[in-house]
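The block underneath contains the structure these notes are about, expressed in structure tokens.
Numbering (this note's numbering), first residue to last: 1 to 332.
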């Protein structure tokens, strides 16, 4: 299997979770197509206006504007045929608009997925099936702005979770998994599709499973790691055997834990610091600083709307003011 067939097999493989379903959206061509359809409709509209004006002046056809049956069943049905042509063109036009809007709304592929796909296409230890036709550079970095992915990322995420999903697997792989692999082989984590060499295996993050598994994370992150040809026979290598799949569900849990800890530690830290500071001016400065930190943290670790973040920040500031007032009254 070579070329497009091999690349299609990678894209549709269950073990890769659709990460490499990356395509050009051809936004400029789609917009040009819409412009042509729009021009055709304007031309048809003008032709219809001419036919309508002509038929109104004919006593036998003057009822066309008020009687649909007379319009559609007349011997000279040029006006009705023009309407049918406009109806077909309108359907094509609206369909093209809907498809354009759908395509432009698709998310861009993650830089990690695109990098792995580029490596897979070029490296002999991976796919080694670089395209050579007019589309040979379709996945190059200078065309990245026009690419979209069909892979589901599971759910909407906040800024911190997106950062962890995009960077944590790669950092974890290169800092921990790769060095351990060099020393102890495939004990910590195997590439997806790699043939089982032992029934028991320790894995820090979830192993690459088919998409129909019970995992509810809704996504994953891949990291490519070329394997030398001498390390295993050709019969042992699957098309995705040199890729490590990290399920996003684990990273979502990490992000949830970090967000929960942050939401509890900021108010506690504010109260502790305020309890040790007696100067009122310094206290007001601390309240301002912690309030700003709290609001920025909310925008990074939650998907809250502006009004929700504003309300939570105002409540947090009120709690600090109440604490200052109560401690000053007790001291007085």
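Even for Gly, the Cβ is constructed at its ideal location relative to N, Cα and C.
Quick check on DSSP: helix, strand or coil for residue i?
i, result
"residue 20", "coil"
"residue 302", "coil"
"residue 172", "helix"
"residue 139", "coil"
"residue 277", "coil"
"residue 48", "helix"
"residue 148", "strand"
"residue 37", "helix"
"residue 258", "helix"
"residue 131", "coil"
"residue 245", "strand"
"residue 106", "coil"
"residue 285", "helix"
Rounded to whole angstroms, what is the Cα-Cα separation between residue i and residue j?
i, j, result
"residue 271", "residue 286", "10 Å"
"residue 47", "residue 35", "18 Å"
"residue 119", "residue 28", "28 Å"
"residue 97", "residue 45", "19 Å"
"residue 131", "residue 138", "9 Å"
"residue 321", "residue 20", "52 Å"
"residue 140", "residue 17", "22 Å"
"residue 39", "residue 106", "27 Å"
"residue 86", "residue 37", "11 Å"
"residue 255", "residue 161", "6 Å"
"residue 111", "residue 170", "11 Å"
"residue 258", "residue 306", "22 Å"
"residue 261", "residue 269", "12 Å"
Within its chain, find whatever has a CB closer than 7 Å to the CB of residue i; leave out the 5 residues flanking it on each side and keep chain order.
i, result
"residue 299", "309"
"residue 266", "290, 293, 294 and 297"
"residue 99", "none"
"residue 11", "20 and 21"
Could you round the C-beta distance between residue i and residue j to whole angstroms and report it? I think they count as a contact, below 8 Å.
i, j, result
"residue 74", "residue 61", "7 Å"
"residue 303", "residue 158", "5 Å"
"residue 102", "residue 30", "The pair is not a contact, with the Cβ atoms about 10 Å apart (cut-off 8 Å)."
"residue 41", "residue 89", "6 Å"
Below 6 Å CB to CB, which residues in the same chain sit around residue i once its five sequence neighbours on both sides are set aside?
i, result
"residue 109", "22, 147 and 149"
"residue 80", "71 and 72"
"residue 113", "19"
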